[in-house]
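Residue 1 is where the sequence shown starts when you use our numbering, and the numbers rise one by one after that.
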Amino acid sequence: MMEVPQLHGFGPAANRLLEAYKMLLKFLGNLRNLRDSYAALAVGSSETIAGEPSSVTRIISECESALTFLNRDLGILSASIARERGTNGIS
Numbered sequence: 001m002m003e004v005p006q007l008h009g010f011g012p013a014a015n016r017l018l019e020a021y022k023m024l025l026k027f028l029g030n031l032r033n034l035r036d037s038y039a040a041l042a043v044g045s046s047e048t049i050a051g052e053p054s055s056v057t058r059i060i061s062e063c064e065s066a067l068t069f070l071n072r073d074l075g076i077l078s079a080s081i082a083r084e085r086g087t088n089g090i091s
């Protein structure tokens, strides 16, 4: 599970952004559960295509990638705000 970034100094926008981030993490968790269930059902199915990832697996991969980039960028943004506040002597 990814660590939820800490956003200080953004006011109400930070709360909305973090809620959206948490919702995406929950959605990703649900997709992973769906993938696992699908994989369990597909084991005996003749309709599975060997070597081809399912559409759910592709969506999960794209979600994970997007959340990783978002997490990194939010961390950079938060650090930048903290650094600016430290430079200006604002608490």
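Every residue gets a Cβ at the ideal spot worked out from N, C-alpha and C, and that includes glycine.
Item                                                                                    : Value
Given Ala66 as reference, the closest of Tyr21, Ala14, Ser80 once Cα atoms are compared : Tyr21
Distance CB(Glu62)-CB(Leu28) smaller than 8 Å                                           : no
Three-state secondary structure (DSSP) of Ser54                                         : coil
Leu41 burial status per 10 Å Cβ neighbour count (16 or more: buried)                    : exposed
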